[in-house]
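Novice: In order, the protein sequence lines correspond to chains A and B.
Residues in the first sequence are numbered consecutively from 53, following the numbering used here.
Residues in the second sequence are numbered consecutively from 43, following the numbering used here.
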Amino acid sequence: MPKIKLAENTVELIKAVCAEFENKESELINVLHGVQQKLGYLPAEVQEVIARELNMSVAKVYGVVTFYSFFTMIPQGEFPISICMGTACYVRGAEQVLNEFKRQLKVEVGESTEDGKFSINCLRCVGACGLAPVVTVGEKVYGRVSPSEVKKIIAEYREGCADDAKTA
Amino acid sequence: MDTINLTIDNKTLVVKKGTTILEAASGIGIDIPTLCHMKLDDLNIENKPGGCRICVVEVNGRRNLAPACCTEVNEGMEINTHSMRVINARRTVMELILSDHPFDCLICAKSGNCDLQDMAHNLGIREIRYQGEQSTYREDTSPAIIREVDKCIMCRRCETMCNEVQTVGVLSAINRGFESVVSPAFEMNLDHSVCTYCGQCVAVCPTGALTEVDETGKVVRALSDPTKTVIVQTAPAVRAALGEEFGMEAGTLVTGKLVAALRRLGFDHVFDTDFAADLTIMEEGTELLNRLGKHLSGDKDVKLPILTSCCPAWVKFFEHQFPEMKDIPSTARSPQQMFGAIAKTYFADQLGVKREDLVVVSIMPCVAKKYECGREEFKTNDNPDVDHALTTRELAALIKLSNIDFKSLPNEEFDNPLGESTGAGVIFGTTGGVIEAAVRTAYEIHTKKELPRLDFDELRGMEGIREATIDFDGLPIKIGIAHGLGNARKLLEDIQAGKSEFHAIEIMSCPGGCIGGGGQPYHHGNADVLKQRQKALYTEDKNKAIRKSHENPYIVKLYEEFLGKPMSDKAHHLLHTEYFDRT
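1) Apply the 10 Å Cβ neighbour rule to Cys213 (chain A) and answer buried if 16 or more other Cβ atoms are within range, or exposed otherwise.
2) Beta-carbon of Val109 (chain A) versus every beta-carbon of chain B: anything under 8 Å?
3) Judging by CA-CA distance, which residue of B:Ala319, B:Gly259, B:Ser450 is the nearest neighbour of His430 (chain B)?
4) Should the segment 456 to 463 of chain B be regarded as contacting the segment 307 to 327 of chain B, the criterion being three or more beta carbon pairs within less than 8 Å?
5) Which chain B residues are close to Phe119 (chain A), counting only those with a beta carbon under 9 Å from its beta carbon?
6) Looking only at C-alpha atoms, which of B:Ile139, B:Ile549, B:Lys59 sits nearest to Thr113 (chain B)?
7) Is the beta carbon of Thr511 (chain B) less than 8 Å from the beta carbon of Asp399 (chain B)?
8) Whole angstroms are fine: how far does the CA of Gly471 (chain B) sit from the CA of Ile187 (chain B)?
9) Which ranges does the beta strand (DSSP E) cover as unbroken runs of at least 3 residues, wholly within the segment 379 to 437 of chain B, from first to last along the chain?
10) Between which two residues does the beta strand (DSSP E) harbouring Glu462 (chain B) extend?
11) Step through the CB atoms of chain B and report whether any lies within less than 8 Å of the CB of Tyr93 (chain A).
12) In whole angstroms, what is the alpha-carbon distance linking Cys141 (chain A) and Thr123 (chain B)?
13) Below 7 Å CB to CB, which residues in the same chain sit around Gly174 (chain B) once its five sequence neighbours on both sides are set aside?
14) Look at Leu175 (chain A) and Cys136 (chain A) and say whether their C-beta atoms are less than 8 Å apart.
15) Let me know the secondary structure DSSP gives Ser171 (chain A) once reduced to three states.
16) With contact counted as at least three CB pairs below 8 Å, one residue from each stretch, are the segment 509 to 523 of chain B and the segment 357 to 376 of chain B in contact?
17) Got a sec: is the Cβ-Cβ distance from Gly162 (chain A) to anything in chain B below 8 Å?
18) If you draw a straight line from the C-alpha of Thr62 (chain B) to the C-alpha of Phe228 (chain B), how long is it?
19) Given a threshold of 16 other Cβ atoms within 10 Å of its Cβ, counted over all protein chains shown, does Ser339 (chain B) qualify as buried or as exposed?
20) Is it buried or exposed for Asn173 (chain A), if we count other Cβ within 10 angstroms and need 16 for buried?
21) Residues of chain A with CB under 9 Å from Ala227 (chain B), in chain order?
22) Please state the DSSP three-state secondary structure of Leu517 (chain B).
23) Tell me whether the beta-carbon of Leu572 (chain B) lies closer than 8 Å to the beta-carbon of Gly560 (chain B).
24) Which whole-angstrom value is the C-beta distance of Pro109 (chain B) and Asn164 (chain B), which I expect to be below 8 Å?
25) Suppose contacts are defined by Cβ-Cβ distances below 8 Å. Is Ala67 (chain B) in contact with Leu295 (chain B) by that definition?
26) For the segment 199 to 214 of chain B, enumerate the residues whose C-beta is nearer than 7 Å to any C-beta of chain A, in chain order.
27) So, using beta-carbon positions, are Val261 (chain B) and Thr253 (chain B) closer together than 8 Å?
28) Could you check where the beta strand (DSSP E) with Arg155 (chain A) kicks off and where it finishes?
29) Counting only runs that start and end within the segment 148 to 189 of chain B, where is the alpha helix (DSSP H) found for 4 or more residues in a row?
30) Should the segment 88 to 99 of chain A be called in touch with the segment 56 to 74 of chain A, which here means at least 3 C-beta pairs below 8 Å?
31) Taking 8 Å as the threshold (C-beta atoms), are Asn116 (chain B) and Ile46 (chain B) in contact?
32) Would you tell me roughly how many angstroms separate the C-alpha atoms of Leu304 (chain B) and Gly285 (chain B), rounded to the nearest one?
33) Measuring CB atoms only, is the segment 188 to 196 of chain B touching the segment 141 to 158 of chain B, in the sense that at least three cross pairs come out at less than 8 Å?
34) Are Trp356 (chain B) and Ile549 (chain B) closer than 8 Å when you measure CB to CB?
35) Going by beta-carbon coordinates alone, are Met80 (chain B) and Gly567 (chain B) separated by less than 8 Å?
36) Quick one: grab the DSSP three-state call for Ile50 (chain B).
Laid out in structure tokens, this is it:
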């Protein structure tokens, strides 16, 4: 695994999140959540800092990161696209929507486009089953999405007219 | 109310509140089968994730079966441990476990010693009704330990040892569901991790998922090579445990038979690591007195306490975890490596054999010794001081392979000059033994008086951390002892915080010391086995004519003929080492 050296301020940022949760091992999930929200992903080097700060083994941190599908070790796109694959969304055609996103962006689930703009992930139920199938881009939620609308959604971000969806 | 009344299999009994069903049943002679559960009382080791579900029992009035290992008893409970429902459930669970386990028992390194195999046999499994995909994972080979994760049943015992007992923190369950495995962080191989190779994960693994690197083939090849002189050294703890591999009681001393077996295997000279243990005491004891003397005369540069350095897993532990303290442990090499260095110089010269043609094999209770003998600083022109380190278990396999009827062997004596040892060397194999041996010698050198007694009961025992003050004729020497790396960590943190008042500390990585080493016959969770082995070593010590390292005549001769005196330039070159920051 190629090693990256974290910037000083990134390390400080991680330490600040850990400190927010009093550097408690029992707060690991909240810490991971907080750090991923700020950095977009949790590479090995970040997990090492977290392990040190919470005084626990990095293997345990990695164990939790790999257990929950929400956490990712791969950099997310500038606009992370999540397709809900929960039961309601799935039966209303989420898979076709997902396939259309993959076809349009030429990436698989868990990957980012070469320009770093988009990444695709699946998630399980955002609690908006009435709007199934649901797609989120950053914080913005799209309901009753059909495959034919996918191109339009992507275009919104390509042209940079939806800045409010940017992460971090 | 502090007691609970209940019935198990129609027997009524009274137990303390907080007792588990498993413990309660065990108390009246009912052995409920378990796979993941492990409890070593005296060593404070417990693993009960309730994961394998083999130990389920029927509790009257309860809808589901209850896992006996982690269900506490309640007042009036009526428990059935072998109803049809229980037996069916146990068999189903076992079949499901086996449906995701390789079927290579016949050629598995753990065959005959496998808890899973035994359990399948005891449950009378004759077919596996569940067929489907099996999880597969790459094999990970390190200098000492092999991980064959396909064979893992996720009992998490290794995780308990690695994290809670040893606090090394290499192993953790990762991923989810069918993909889950026990692995180092980022799925790196063991040799890239901070693994110390203590082998406690191997010692408790119920299947063949974790085993030692098998070097018996290399030893057989060396023994059959007519151009090589092959000599062997055997560590103290081996003689107290090898018999178990041949059905003898735990704690049976087999020193004489061990020597006879090694001779029959074809080793040209059968020597004793205990000799090198005596040598270690000469060097380490002198170093202790030197440091102590300087410290007492006010030299602020001298650091105390001095820590023992015999244990390779402990050395690797502080190199990874406490690199800033690498100048505190003694620089003395371990007995295995001292033996190798002397064998390939002093003894090779005596024989007139070139070092390349002398093969040094060691029999160790340890898997980390395999790693230790491969360390670069213990090689000359790429030729290692010790060529191959076999575990006690590997030696047993080699004896069986060579058609030797171990139990009927006569008692034989070690060869000289590297086979003579004292009682001090023998007790190196148990927690507290190294420091007791050091005290016996350091006391007499320091006070120039004969010790009034040789048994230091205050240094003996099984508690994880012990301390004692020994009176060196008016000078109180404070001694600390830790076994298990978790306990070692506590002492190190005290030193770091400036809270330690010890002059000398003995550390052994494995619970119980080398008698509980990762290369010993499997104890299968029975802590009593370790106590019996410990007792055996103290018995051997008591029976020795000479019990102080500095009185070993061959050690005296070695210094006269070859080394000069302890800590001399030559001794320093051959018998001492340095440590590295591995962070």
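Backbone N, C-alpha and C define an ideal beta-carbon position, used for all residues, glycine too.
Specialist: Result, derived from the coordinates:
1) Indexing the first sequence from 1 puts residue 213 (chain A) at position 161. Note that Cys213 (chain A) scores 49 on pLDDT, short of 50, meaning its location in the model is unreliable; the coordinates nonetheless yield the value given after this. Burial call: exposed.
2) Against the first sequence, residue 109 (chain A) aligns to sequence position 57. For clarity, residue 109 (chain A) is Ser in the given sequence; the question names Val instead. For Ser109 (chain A), the answer is yes, since a Cβ of chain B falls inside 8 Å of its Cβ.
3) Here residue 430 (chain B) refers to the residue found at position 388 when the second sequence is read from its first residue. Residue B:Gly259 is the option with its Cα nearest to His430 (chain B).
4) yes
5) Walking along the first sequence from the start, residue 119 (chain A) turns up at place 67. Within chain B, the residues near Phe119 (chain A) are Ala215, Ile216, Asn217, Arg218, Ser222.
6) As a first step, residue 113 (chain B) is located in the second sequence; it is residue number 71 there, counting from the start. Checked all of B:Ile139, B:Ile549, B:Lys59; the closest Cα to Thr113 (chain B) is B:Lys59.
7) On the second sequence, position 469 is the one that residue 511 (chain B) refers to. On the second sequence, position 357 is the one that residue 399 (chain B) refers to. No. Outside cutoff.
8) One-based indexing of the second sequence puts residue 187 (chain B) at position 145. One-based indexing of the second sequence puts residue 471 (chain B) at position 429. Between Ile187 (chain B) and Gly471 (chain B), the C-alpha separation is close to 21 Å.
9) 400 to 406, 430 to 433
10) Reading the second sequence from its first residue, position 420 is the one you call residue 462 (chain B). Where Glu462 (chain B) is concerned, there is no enclosing beta strand (DSSP E), given that its DSSP letter is neither H nor E.
11) If you number the first sequence from 1, residue 93 (chain A) lands on position 41. No, because no Cβ of chain B sits closer than 8 Å to the Cβ of Tyr93 (chain A).
12) As a first step, residue 141 (chain A) is located in the first sequence; it is residue number 89 there, counting from the start. As a first step, residue 123 (chain B) is located in the second sequence; it is residue number 81 there, counting from the start. If you take the alpha carbons of Cys141 (chain A) and Thr123 (chain B), they lie about 46 Å apart.
13) As a first step, residue 174 (chain B) must be located in the second sequence, where it is residue number 132. So the qualifying residues of the chain are Ser141.
14) Indexing the first sequence from 1 puts residue 175 (chain A) at position 123. Indexing the first sequence from 1 puts residue 136 (chain A) at position 84. Yes, they are a contact pair.
15) Residue 171 (chain A) sits at position 119 when you count from the first residue of the first sequence. DSSP places Ser171 (chain A) in strand when its eight states are reduced to three.
16) no
17) As a position in the first sequence, residue 162 (chain A) is number 110, starting the count at 1. By this cut-off, Gly162 (chain A) is not an interface position.
18) To locate residue 62 (chain B), count along the second sequence from 1; it is residue 20. To locate residue 228 (chain B), count along the second sequence from 1; it is residue 186. Each residue's alpha carbon lies about 36 Å from the other.
19) For the purposes of this step, residue 339 (chain B) is taken as residue 297 along the second sequence, with counting starting at 1. Answer is exposed; the Cβ neighbour count stays below 16.
20) In the first sequence, counting from the first residue as 1, residue 173 (chain A) sits at position 121. Buried, by the Cβ-count rule.
21) Here the question's residue 227 (chain B) lines up with position 185 in the second sequence. Here the neighbours are Ala96, Gln99, Glu100, Ala103, Ser109, Val110, Ala111, Lys112, Val113, Tyr114, Gly115.
22) Locating residue 517 (chain B) in the second sequence gives position 475, counting from the first residue. DSSP places Leu517 (chain B) in strand when its eight states are reduced to three.
23) What you label residue 572 (chain B) is simply residue 530 of the second sequence in a count that begins at 1. What you label residue 560 (chain B) is simply residue 518 of the second sequence in a count that begins at 1. Going by C-beta atoms, Leu572 (chain B) is not nearer than 8 Å to Gly560 (chain B).
24) As a first step, residue 109 (chain B) is located in the second sequence; it is residue number 67 there, counting from the start. As a first step, residue 164 (chain B) is located in the second sequence; it is residue number 122 there, counting from the start. Contact flag wrong, Cβ pair sits at about 18 Å.
25) For this step, residue 67 (chain B) is matched to residue 25 along the second sequence. For this step, residue 295 (chain B) is matched to residue 253 along the second sequence. Result no, Cβ atoms of Ala67 (chain B) and Leu295 (chain B) do not sit closer than 8 Å.
26) Asn205, Gly211, Val212, Leu213, Ser214
27) Counting from one through the second sequence, the residue named residue 261 (chain B) turns up at place 219. Counting from one through the second sequence, the residue named residue 253 (chain B) turns up at place 211. The answer is no: Cβ separation not under 8 Å.
28) Numbered from its first residue, the first sequence carries residue 155 (chain A) at position 103. Taken as a continuous stretch (DSSP letters only), Arg155 (chain A) belongs to no beta strand (DSSP E), being part of the alpha helix (DSSP H) at 146 to 157.
29) 157 to 164
30) yes
31) As a working mapping, residue 46 (chain B) is identified with position 4 in the second sequence. As a working mapping, residue 116 (chain B) is identified with position 74 in the second sequence. Cβ atoms of Ile46 (chain B) and Asn116 (chain B): closer than 8 Å.
32) Taking the first residue of the second sequence as position 1, residue 304 (chain B) is located at position 262. Taking the first residue of the second sequence as position 1, residue 285 (chain B) is located at position 243. Cα to Cα, Leu304 (chain B) sits roughly 14 Å from Gly285 (chain B).
33) yes
34) As a first step, residue 356 (chain B) is located in the second sequence; it is residue number 314 there, counting from the start. As a first step, residue 549 (chain B) is located in the second sequence; it is residue number 507 there, counting from the start. Yes. Within cutoff.
35) Position 38 of the second sequence, counted from the first residue, corresponds to residue 80 (chain B). Position 525 of the second sequence, counted from the first residue, corresponds to residue 567 (chain B). Cβ atoms of Met80 (chain B) and Gly567 (chain B): closer than 8 Å.
36) Along the second sequence, one-based indexing puts residue 50 (chain B) at 8. It is a strand residue.
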